[in-house]
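Data first, discussion second: the structure below is written as structure tokens.
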Amino acid sequence: MGKKKNKKLEKVRNLKSFSTEKPKDKKDEKNEYEKKDSLLLFLRDAVIIVVIFILFIQPLIISSYTIPTASMDPTIPPGTRLIGLPIVYGGFLFWTKIKMPSLKKINRFDIVIFKHPDSKIKTPYVKRVIGLPGDTVYVDGKNVYINGQKIFEPYTQYILDAQYSAHPEVKRQTFGPVKVPEGNLFVMGDNRDNSEDSRYWGFLPIKNVFAMPLIVTFSKDPNSGKIRWNQFGRILFNK
């Protein structure tokens with residue numbers, strides 16, 4: 003009998019405990035739904051913002067480029083991938099020919115990323131600025147003169163001793179003098195004997211410059227396949 007009484011008492015206690023639990027208020031349920039809805043809306047908005055940034059804003063600020071040739075060797079070896087900043091020199095607005103305002107003036111010896119003057123060539127080019135508007139450029143062998151003054155170029159590399167460069171149309175020994183027109187630049191590759199540059203295709207319109215190299219993110223020798231670990235993180239920033 004004692005056991006039965008105890009069981010009855012437990013049932014009564016359980017009933018009392020159930021009866022004391024308050025049913026969920028409709029307001030509480032509504033608040034829970036609103037919280038879930040607000041979270042979903044936040045996630046949706048975040049995804050939209052990220053997509054817009056990647057597609058439209060990010061290319062105007064920072065972008066990645068691959069250097070397939072040796073024209074800027076040894077400064078930028080072939081097979082190098084680097085990060086560039088279109089925002090510095092005024093990148094092109096999305097996929098149009100509209101150019102954004104530049105944040106930095108182009109100086110002599112700056113390394114620039116640009117569109118080739120021949121509109122049929124779609125691959126971005128990378129060269130070093132040698133002559134600014136109004137400058138007179140003269141090349142005498144391995145020496146370059148700007149306005150009659152020989153310039154110091156510790157970054158250059160030469161691979162040939164012949165009178166002609168890798169491009170027969172360009173004479174290394176006696177090129178120029180030529181005066182750079184307003185609104186244009188005279189650019190050259192650091193690897194002077196293996197570079198298609200202003201000696202080959204003429205002056206570069208400043209409006210064609212759209213990015214400044216910032217940092218090397220990857221570099222691999224296209225011939226040997228070896229990774230150039232010493233290139234990782236190397237700064238190319240134009241001061």
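If you want this note's numbering, it's the 1-based position in the sequence shown plus 2. Note that beta-carbon positions come from the ideal geometry of N, C-alpha and C, so glycine has one too.
Beta-carbon proximity check, residue i vs residue j, cutoff 8 Å
i: V146; j: M74; result: no
i: K117; j: F212; result: yes
i: W203; j: P119; result: yes
i: I115; j: P215; result: yes
i: L206; j: N186; result: yes
i: D199; j: P76; result: no
i: N196; j: A72; result: yes
i: G92; j: P103; result: yes
i: I108; j: I208; result: yes
i: V90; j: K101; result: no
Environment of residue i [buried if 16+ CB atoms lie within 10 Å]
i: G81; result: buried
i: N210; result: buried
i: V141; result: buried
i: I229; result: exposed
i: V131; result: buried
i: S221; result: buried
i: R201; result: buried
i: L87; result: buried
Helix, strand or coil at residue i according to DSSP, with G and I counted as helix
i: D39; result: helix
i: D47; result: helix
i: S197; result: coil
i: P207; result: strand
i: V90; result: helix
i: I63; result: helix
i: V128; result: strand
i: Y202; result: helix
i: V52; result: helix
CB-CB length for residue i against residue j, believed under 8 Å
i: I78; j: I64; result: Not confirmed; about 18 Å, so no contact.
i: T219; j: L84; result: 6 Å
i: T138; j: N149; result: 5 Å
Three or more beta-carbon pairs under 8 Å between the region 176-184 and the region 232-239, yes or no? Flag = no, the region 176-184 and the region 232-239 do not touch.
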